[in-house]
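**Student:** Dumping the structure here so I can ask a few things about it.
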Amino acid sequence: QTQWAFKYGDHPQPHAHELSGHEEAEHLLNTLAKTAPKLVDELVPKVLPLALPLAGLLRKLPLLPVFGRGDTRLQPVHVEDIAGALARIIDAPQAQAVYELAGPRVYTYAELLEVISNHLGLRRAFVPVPFGIWQAFAYLVEFLPRPPITRNQVELMRVDNVASPEYPGLGALGIQASAIETVLAAQ
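The number in the working numbering is simply the position in the sequence shown, starting from 1, with 21 added.
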């Protein structure tokens, strides 16, 4: 019986699903659960988010608070690349035990905000907010029915999340990672 673990970066990410586009991730996992329930049981607590829901915030706020100084390194991956990888892993006669699924480029959080802002044609000011303030705010709002942020999300933004060359990635599955600029241009 084959088991797969999906890892992103050098740190365990038990609450990474909280950063994803919940609807996209839920649809992907529900579809996958019909054909590979065991894989979904292994995947759900381990997969890192597919995208950060930043465009909506950038449209609404003239000033955007940034985690720390905005220097956390991220390597966003498109949801369709993840779906393609999962399909190929399921169909593979001999899949690897661990895959690093990541986009083609590493951004700082501030750079990622700039890319999305530029795509939307917006000029926004980014205001650095210390992680301690984020933690306090998250603590206060975490118990709301739909909290805007949780302490787990703040913790996830403290550490870099970039693929390690130690494990195979999308390329090993014959998938060319989609650049965020390409994905945004197609929307």
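Ideal Cβ positions, reconstructed from N, Cα and C, are used throughout, including at glycine.
In terms of residue numbering, what span does the alpha helix (DSSP H) encompassing Leu177 cover?
**Tutor:** Run containing Leu177: Arg172 to Leu177, per the alpha helix (DSSP H) assignment.
**Student:** What does the alpha-carbon distance come out to for the pair Gly233 and Leu141?
**Tutor:** In the structure as shown, the chain starts at 22 and stops at 208, and residue 233 therefore has no counterpart that could be examined.
**Student:** Excluding sequence positions up to five away, which residues of its chain have a Cβ less than 8 Å from the Cβ of Leu82?
**Tutor:** Correct list, in chain order: Arg145.
**Student:** Can you find at least 3 beta carbon pairs, one from the region 119-134 and one from the region 93-109, that sit closer than 8 Å?
**Tutor:** Counting Cβ pairs under 8 Å, three or more are found: they touch.
**Student:** Going straight from the alpha carbon of Ala193 to that of Ala184, what length do you get?
**Tutor:** Using only the alpha carbons, I get a separation of about 13 Å.
**Student:** Expressed to the nearest angstrom, what Euclidean distance is found between the alpha-carbon atoms of Glu202 and Ile103?
**Tutor:** Distance between the alpha carbons of Glu202 and Ile103 is about 17 Å.
**Student:** Would you check if the region 83-94 and the region 149-165 touch, i.e. whether three or more CB-CB distances between them fall below 8 Å?
**Tutor:** Contact between the region 149-165 and the region 83-94 is present, because at least three Cβ pairs lie under 8 Å.
**Student:** Looking only at its chain, what residues have a beta carbon closer than 6 Å to the beta carbon of Ser199, apart from the 5 residues adjacent to it on each side?
**Tutor:** So the list reads His99 and Asp102, once near-sequence residues are dropped.
**Student:** Assuming Val180 and Trp155 form a contact by the criterion Cβ under 8 Å, report the distance between their Cβ atoms to the nearest whole angstrom.
**Tutor:** Between Trp155 and Val180 the Cβ distance is about 14 Å, and since that is not below 8 Å, they are no contact.
**Student:** Does Arg94 come out as helix, strand or coil in the three-state DSSP assignment?
**Tutor:** The answer is strand: DSSP assigns Arg94 an E or B state.
**Student:** How would you write the range of the beta strand (DSSP E) that Tyr188 sits in, first residue to last?
**Tutor:** It is not in any beta strand (DSSP E) - Tyr188 carries neither H nor E in the DSSP assignment.
**Student:** With DSSP collapsed to three states, give me the class of Ala207.
**Tutor:** Looking at Ala207 - three-state DSSP - the assignment turns out to be helix.
**Student:** Enumerated in chain order, which unbroken segments of the alpha helix (DSSP H) with a length of 4 residues or greater are wholly contained in the region 100-140?
**Tutor:** The region 100-140 contains these whole alpha helix (DSSP H) runs: 100-112.
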